[in-house]
Amino acid sequence: MSAWNQIYSAAPYRHMIKQKKRAVCALTVFFIAYYFALPLLVGYWPELMSRTAWGEANWAYLFAFSQFLMAWAIALIYMRFASRFDKMADDILADAAKSEPDGGGG
Amino acid sequence: MSLPLLMFLAFIAATLGITYWAAGRSSGETAFFAAGRRITGWQNGLAISGDYMSAASFLGIAGLIAFYGYDGFMYSVGFLVAYLTVLLVVAEPLRNSGKYTMADVLAYRLQERPVRAWASLSTLTVSTFYMIAQMVGAGALVSLLLAGSGIGYTTAVTGVGVLMIVYVVFGGMLATTWVQIVKAVLLMSGTFLLSVLVLAHFGFDLGELFKAATNITLQSDGAVVTRNFMEPGLYYKPPYGALDLISLGMALIFGTAGLPHILIRFYTVPDAKTARVSVFWAMLLIGAFYIMTTFLGFGAATIVGPDQITANGGTNMSAPLLAQALAGDVFFAFISAVAFATILAVVAGLTISASTSFAHDFYSNVLHHGSERRPGDEVRVARWTAFVVGAVSILIAIGLGPNANVAFLVGLAFAVAASANLPVILFSLYWKRFTTRGAVCGLAAGLLSSVGLILVSPSFMGIDGPEVAESARRLIQAPALYPLKNPGIVSIPLGFLAAVIGSLLSREPSAEHKYYELSVRANTGLGAEKAG
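These protein sequences, in sequence, are chains A and B. So for the first sequence, the working numbering puts the first residue at 1; every next one is plus one. So for the second sequence, the working numbering puts the first residue at 107; every next one is plus one.
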């Protein structure tokens, strides 16, 4: 078994992949649903979305504007997750380097 | 000499200075193709923004909002949200497992030659279509902005083309990066100043701007009409408007993460973490910019007015004319120079992505089976390719002329990126059963269906009335077979489906076996290309 396979099938790596998959899938599903709600609502219910909501702005504009805040928020959340995954990956590589003197593949 | 021309020349001088500086540092493969992988996070964030925000964004979307209101803003939203796909699923694994091109990631597990050949064809298609759209736009625009300086369409196209060749051939990725950074700073400051002036015009009361936008008077088909620009549906009209909006959204959201000129930017940073940080910076800048497009667009609609813009050069002149109305000739010259910088930075990015893919994927790996005959061959081929790509683009843009309808080419580039490139990138990274046949099927189906659908869409087919000028008439005078402007809603599922079916109909044990290696590499950075 090569060094790559050893890392791949070891528990810490499986754990990291599972966590990563869960985080990325949840964020992706959310942002895609939130984003496509905009063309759907604006495209099929334009009268509803044209009603004024706040001051002079209508629902269509506010919902479009909220997409920017949504994108930034998701990006921030992902950045926080990612630094945790960075640490997990560093630990996995440090362990692999200890058990395999040539550092494993590469 | 006119003021805009003077500012154009100042920008050209600055960028040639950058190129001269970069030329001394661009010998060697990693230096030429990936700027030595030493670009920092915020620098790459600026460069991504500079690479991405084209004249179509700056002038095109401002113009679309100035003429159709809300619907133009839909592009702005999609252009930013698309970066979540880049951030969440593509940027880091790509940096960890590739070297210079998108195809590196595909070739990691699959058979190099067929996969690289198709990926290279797709890259060249996306880049040249996008480039021709930029060049025709640039020629028309520069001759308008420099009206009175005696610079016509042909001179403008040639000038832009020659400059982009010079940046890439002599300065490689390093010069391209810094031209993009300078452009991003100019574009952000120009847009910010313009937005502040628009808001000041309305007493810094956003409500007043919106109120003015609900009541725009313009000429439409010979009659004077009043429209509410805050309402959706003025550009994407029934019966197909809603579907077209969704189709556009799909192409933007899934296409950005497949644009070769954006993807190769991630090879210029030292590691995956920096790649991630750079996307975050890019998202802040790109988001801020696209929010401001509403101030530019609504500002142009309310302060200048659509009819006045039509009389002075058309939709693309909305932002420059707004600058002139608000702060006079010096500001007009500055905004014009920003538009010029915008075009140059984008075409330079496209040129280097096309030539990197041809040299690295096609020449080295398809023609010569990955064995470089002499050191430096790949860079030499890339320089020649940049020259050829540039020259061909100049000739095509001159041949098409300033009135050609080329806006659909940008949409086509995004559609090909989303339908051909993204499915195969995702499957190589995340699906163990993916095979070479699946990749070739996916790339071919995505590429051919996008191009095919565009050919039978309203961009090429339709019946033009007698008022349409000869040069602007559509190629096929018959009702369009495909009713939408954007092919994405059909071609993207087709690309994914073809990749899945192709994979399921074949077996490739070596690809499955290498999946473990790619997974570990992509997720931990083990064995990733180091900064040179």
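For every residue, glycine included, the Cβ atom is placed at its ideal position computed from N, Cα and C.
Pair within 8 Å by beta-carbon distance, residue i and residue j
i      : j      : result
B:S182 : B:T399 : yes
B:V487 : B:E135 : no
B:I409 : B:A431 : yes
B:A425 : B:A161 : no
B:A454 : B:V242 : no
B:A551 : B:A604 : yes
B:V196 : B:S534 : no
B:I504 : B:V266 : no
B:I124 : B:S384 : no
B:A492 : B:L292 : no
B:I287 : B:L152 : yes
B:I359 : B:A188 : yes
A:A82  : B:R382 : yes
B:L369 : B:M208 : yes
B:I582 : B:A524 : no
B:L456 : B:Y236 : yes
B:I560 : B:F602 : no
A:M79  : A:M16  : no
Beta carbon proximity, residue i to chain B, threshold 8 Å
i      : result
A:A75  : yes
A:L93  : yes
A:P12  : no
A:Q67  : yes
A:A89  : yes
A:A26  : no
A:A37  : no
A:D86  : yes
A:A64  : yes
A:G106 : The predicted model places A:G106 with a pLDDT of 43, which falls under 50 and marks its position as unreliable; any figure quoted below should be read in that light. Output row for A:G106: interface = yes.
A:Y50  : Going by the sequence as given, residue 50 of chain A is Ser instead of Tyr. With 8 Å as the cut-off, A:S50 counts as an interface residue toward chain B.
A:Q29  : Note that residue 29 of chain A corresponds to Val in the displayed sequence, not to Gln. A:V29 does not count as touching chain B.
A:A53  : no
A:A71  : yes
A:A33  : no
Of the listed residues the options, nearest to residue i (C-alpha basis)
i      : options                           : result
A:M70  : A:L48, A:A3, A:A37 and A:A10      : A:A37
B:A445 : B:L227, B:K289, B:K620 and B:G278 : B:K289
B:S499 : B:A429, B:A119, B:I118 and B:L230 : B:L230
B:V516 : B:L186, B:S203, B:Q240 and B:W127 : B:Q240
B:D642 : B:G361, B:L581 and B:P344         : The shown model of chain B, from 107 to 638, leaves out residue 642 of chain B, and the question about it has no answer.
B:G277 : B:F372, B:A129, B:L528 and B:L532 : B:A129
B:G594 : B:T362, B:G568 and B:G633         : B:T362
B:G405 : B:L391, B:A137, B:A429 and B:Y396 : B:A429
B:G364 : B:R215, B:R543, B:F401 and B:L190 : B:L190
B:F179 : B:Y126, B:I271, B:A116 and B:G339 : B:G339
A:T28  : A:L48, A:A73, A:D90 and A:R14     : A:A73
B:T421 : B:Y126, B:S226 and B:A246         : B:A246
B:L194 : A:F30, A:S2 and A:S9              : A:F30
B:L611 : B:V546, B:K620 and B:G411         : B:V546
B:E337 : B:G328, B:K317 and B:D157         : B:K317
B:S565 : B:A329, B:T332, B:R580 and B:A584 : B:R580
B:N471 : B:P589, B:R144, B:H619 and B:W224 : B:W224
B:K205 : B:G156, B:M113 and B:H466         : B:H466
For residue i, the residue or residues it bridges with in DSSP
i      : result
B:L324 : B:V331
A:M79  : Answer by DSSP bridge pairing: none, since A:M79 is not bridged.
A:N58  : A:T52
B:V279 : The sequence shown places Met at residue 279 of chain B, rather than the Val named in the question. B:M279 is not bridged to any residue.
B:I582 : B:M567
Any C-beta of chain A under 8 Å from that of residue i
i      : result
B:F602 : no
B:V187 : yes
B:S663 : No answer is possible for residue 663 of chain B: the residues shown for chain B start at 107 and end at 638.
B:F164 : no
B:V183 : yes
B:K379 : yes
B:N629 : yes
B:E337 : yes
B:V211 : no
B:Y126 : no
B:Y588 : no
B:G313 : yes
B:G355 : yes
B:V653 : Because residue 653 of chain B is not part of the residues shown, which for chain B are 107 to 638, the question remains open.
B:G151 : no
B:A348 : yes
**Prompt:** Where in the segment 395-461 of chain B do unbroken runs of the alpha helix (DSSP H), each at least 4 residues long, occur, reported from the N-terminal end onward?
**Reply:** Listed in chain order, the complete alpha helix (DSSP H) runs (minimum 4 residues) inside the segment 395-461 of chain B are 412-417.
**Item:** Inside the segment 524-578 of chain B only - alpha helix (DSSP H) runs reaching at least 4 residues
**Value:** If we require 4 residues or more, the alpha helix (DSSP H) runs fully inside the segment 524-578 of chain B come out as 528-536 and 542-561.
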